[in-house]
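Input: a single structure, listed below in structure tokens.
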Amino acid sequence: MATTQGGASLIEVLIAILLLSFGMLSLGAMVSYAVQMPKLSSYRATAVNLAASHIERMRANPDGFSNGGYDKASSFDASRSPLSVDPADTCAYPSCDFAALAAMDVAQSKVAARALLPAGGMFMLRDSHSGILSTTDGNLWIVWQEPDSPAALDPAASDNCPSEVTQAYASAKPRCLYVRFKL
Numbered sequence: 007m008a009t010t011q012g013g014a015s016l017i018e019v020l021i022a023i024l025l026l027s028f029g030m031l032s033l034g035a036m037v038s039y040a041v042q043m044p045k046l047s048s049y050r051a052t053a054v055n056l057a058a059s060h061i062e063r064m065r066a067n068p069d070g071f072s073n074g075g076y077d078k079a080s081s082f083d084a085s086r087s088p089l090s091v092d093p094a095d096t097c098a099y100p101s102c103d104f105a106a107l108a109a110m111d112v113a114q115s116k117v118a119a120r121a122l123l124p125a126g127g128m129f130m131l132r133d134s135h136s137g138i139l140s141t142t143d144g145n146l147w148i149v150w151q152e153p154d155s156p157a158a159l160d161p162a163a164s165d166n167c168p169s170e171v172t173q174a175y176a177s178a179k180p181r182c183l184y185v186r187f188k189l
């Protein structure tokens with residue numbers, strides 16, 4: 007008389023373990039991504055606040071903006087070393103004119119960007135119409151470098167960075183927040 011086998015064979019158990027291990031790996035990847043995303047979104051929120059602060063500084067000093075006091079090269083250099091405000095970039099009443107105030111605003115905004123974002127920096131350009139620089143319109147980029155991790159967003163997909171930043175720091179893979187403004 008033939009006996010029937012009861013239970014599972016060893017190959018069925020191994021396949022079940024293999025399927026469970028793939029499920030656990032994907033669960034681990036999802037958890038890693040879920041843990042990383044709040045930090046990355048906090049960087050973006052910080053960049054929004056820095057941009058709003060700098061734009062308000064420019065609105066408070068329209069003469070400094072129209073005379074090019076805020077036209078500075080990018081402060082992003084892919085470095086995480088802290089910045090400090092140069093004593094020459096400070097001004098106090100009564101010797102504070104629009105140019106000195108603009109220099110102080112730019113210096114303080116760059117220091118804040120570096121302190122609050124990893125390798126943080128900023129880049130501002132005034133609009134140009136037929137070769138004449140605008141006295142009211144501009145573009146501001148807040149730039150930072152996200153930490154390397156498998157869950158980090160691909161910086162190559164970030165179309166917000168100006169070419170001056172992406173070409174100079176291709177290996178740093180910066181992330182940018184772009185704000186167009188009108189004073």
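Residue 51 in my numbering sits at position 45 of the sequence shown, and the numbers go up by one each step. C-beta atoms are modelled at their ideal positions from N, C-alpha and C, and glycine is treated no differently.
Sort D92, A108, M43, A35 by Cα distance to P68 and report the nearest one. Closest option to P68, Cα to Cα, is A108.
Could you check whether the segment 111 to 126 touches the segment 60 to 76, counting it as contact only if at least three pairs of C-beta atoms, one from each stretch, sit closer than 8 Å? The segment 111 to 126 vs the segment 60 to 76: in contact.
Between the C-alpha atoms of P124 and L16, what's the straight-line distance to the nearest angstrom? Between the C-alpha atoms of P124 and L16 there is a straight-line separation of about 52 Å.
Taking Cβ positions, are A119 and L56 nearer each other than 8 Å? A contact, by the Cβ cut-off of 8 Å.
DSSP has M43 in a bridge; who is on the other side? Looking at the DSSP output, M43 sits in no beta bridge, so it has no partner there.
For K45 versus S81, is the C-beta spacing smaller than 8 Å? The answer is no: Cβ separation not under 8 Å.
Buried or exposed (CB count within 10 angstroms, at least 16 for buried), F28: By the C-beta density criterion, F28 is exposed, having fewer than 16 other C-beta atoms within 10 angstroms.
Touch check for the segment 47 to 56 and the segment 177 to 186: three-plus C-beta pairs under 8 Å? The answer is yes - the segment 177 to 186 touches the segment 47 to 56, with three or more Cβ pairs under 8 Å.
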